[in-house]
Amino acid sequence: MFAKAISNETKMSFIDVKAPELESKYVGDTENNIRNIFSKAREQKPCIIFIDEIDCIVPKVKADIQTYQTKRLASFLTEMDGLEELEDVLIIAATNRIEDIDSAFLRSGRINKKIYIGYPDFAARQKIFELKLRKLPMKSDVDFSILAKNTDQMSGADITCICNNSAMSLARKIILNNSETFVSNKDILDEINNFKGSKFDNIQDSIV
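Position 150 of the sequence shown, counting from 1, maps to 150 under full-length UniProt numbering, and the rest follow consecutively.
Pasting the structure below:
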């Protein structure tokens, strides 16, 4: 959302990349995918390349060990360095695990500014719910302040997922009941609790 807002303000082309989708099980394909992204950026300049989950592509590697990860990292850094003379191509990367990123990627000259974006505060969470749910038929008991209070320490993406799940649940009810149905405050709170539960399960799975 942050990178897209910059694109809209500057009127620059926007290339949205999810780093895990660049990876391939076939030898050399990941490097080709990386080159294609940068080639596309050169063609569309002025342009912003936004890469989410960048840690998947540029993880820390041991310099004395040659692996597919070191080749992938070298390929990405080569493409980045090739943009130095192009002032109209901007790279914005996002990660939840900056400690896992190789220092060669983070050094000045490649990544010149680092911005920490924390979880949205109460007012921001309330606004996200208002924006994401505004097109749904809602009961009068829907209270955005209660929803915001119950989503502390959740990201904007988490809240968006909860709202999308609420919309899907509502659609299923409409199909099953074959009548007009409204989403209630309890419906959304249930989705929040379900999301918290699944998130906890995922954390537990990663620990085991």
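Backbone N, C-alpha and C define an ideal beta-carbon position, used for all residues, glycine too.
Taking the alpha carbon of residue i as the point to measure from, which residue in the options has its own alpha carbon closest?
{"i": "Val58", "options": "Asn164, Arg134, Phe2 and Ile111", "result": "Ile111"}
{"i": "Ala189", "options": "Ser169, Glu180, Ser179 and Lys173", "result": "The residue you asked about is not Ala; residue 189 is Leu in the sequence shown. Comparing Cα positions, the closest option is Ser169."}
{"i": "Pro120", "options": "Arg134, Gly156 and Asp143", "result": "Gly156"}
{"i": "Ile192", "options": "Gln153, Ala171, Tyr26 and Ala104", "result": "Gln153"}
{"i": "Gly118", "options": "Ser145, Arg107, Arg97 and Asp102", "result": "Arg97"}
{"i": "Ile162", "options": "Leu136, Glu53, Ser145 and Phe129", "result": "Phe129"}
{"i": "Gly197", "options": "Glu180, Thr151, Leu131 and Leu106", "result": "Thr151"}
{"i": "Gly109", "options": "Asp81, Ile146, Lys4 and Arg125", "result": "Asp81"}
{"i": "Ser145", "options": "Lys114, Arg172, Gln126 and Ala41", "result": "Gln126"}
{"i": "Ala93", "options": "Phe14, Asn32 and Glu9", "result": "Phe14"}
{"i": "Lys113", "options": "Ile91, Pro46, Gln69 and Arg134", "result": "Ile91"}
{"i": "Phe195", "options": "Pro46, Asn164 and Lys173", "result": "Asn164"}
{"i": "Lys71", "options": "Arg134, Glu43 and Asn32", "result": "Asn32"}
{"i": "Ile37", "options": "Glu21, Tyr26 and Val27", "result": "Glu21"}
{"i": "Ser187", "options": "Ile6, Gln69 and Asp143", "result": "The sequence shown places Asp at residue 187, rather than the Ser named in the question. Nearest C-alpha to Asp187: Asp143."}
{"i": "Gly28", "options": "Phe2, Ala5 and Gln69", "result": "Gln69"}
{"i": "Ala3", "options": "Ile115, Arg107 and Ser75", "result": "Ile115"}
At a threshold of 7 Å, does residue i count as lining the ligand PLP (C-beta to nearest heavy atom)?
{"i": "Pro137", "result": "As presented, the structure is devoid of all ligands, the ligand PLP included, so that no description of it is given."}
Could you give the DSSP three-state label for residue i: helix, strand or coil?
{"i": "Lys18", "result": "strand"}
{"i": "Phe50", "result": "strand"}
{"i": "Phe195", "result": "helix"}
{"i": "Ile111", "result": "coil"}
{"i": "Met80", "result": "helix"}
{"i": "Ser145", "result": "helix"}
{"i": "Ser13", "result": "strand"}
{"i": "Ile101", "result": "strand"}
{"i": "Ser206", "result": "Because the pLDDT of Ser206 is 33, which lies under 50, any placement of that residue in the model is unreliable, and the number read from its coordinates should be weighed accordingly. Of the three classes helix, strand and coil, the one that applies to Ser206 here is helix, per DSSP."}
Is the beta carbon of residue i less than 8 Å from the beta carbon of residue j?
{"i": "Asp100", "j": "Asp55", "result": "yes"}
{"i": "Ile34", "j": "Glu79", "result": "yes"}
{"i": "Thr30", "j": "Ser39", "result": "no"}
{"i": "Asp141", "j": "Asn185", "result": "yes"}
{"i": "Phe50", "j": "Asp16", "result": "yes"}
{"i": "Ala148", "j": "Phe182", "result": "no"}
{"i": "Ala104", "j": "Leu77", "result": "yes"}
Since residue i contacts residue j with CB under 8 Å, what's their CB separation in whole angstroms?
{"i": "Asp102", "j": "Leu73", "result": "6 Å"}
{"i": "Ala167", "j": "Leu136", "result": "6 Å"}
{"i": "Asp52", "j": "Lys11", "result": "Asp52 to Lys11, Cβ: 22 Å. No contact."}
Locate the alpha helix (DSSP H) running through residue i, then write down its first and last residues.
{"i": "Lys174", "result": "Checking the sequence shown, residue 174 turns out to be Ile, not Lys. Counting along the chain, the alpha helix (DSSP H) containing Ile174 begins and ends at Gly156 to Asn177."}
{"i": "Ile37", "result": "Asp29 to Gln44"}
{"i": "Glu9", "result": "Phe2 to Thr10"}
{"i": "Gln153", "result": "Note, Gln153: premise wrong, no alpha helix (DSSP H); not H, not E."}
{"i": "Arg125", "result": "Phe122 to Leu133"}
So the beta strand (DSSP E) residue i belongs to, where does it begin and stop?
{"i": "Ile91", "result": "Val89 to Ala94"}
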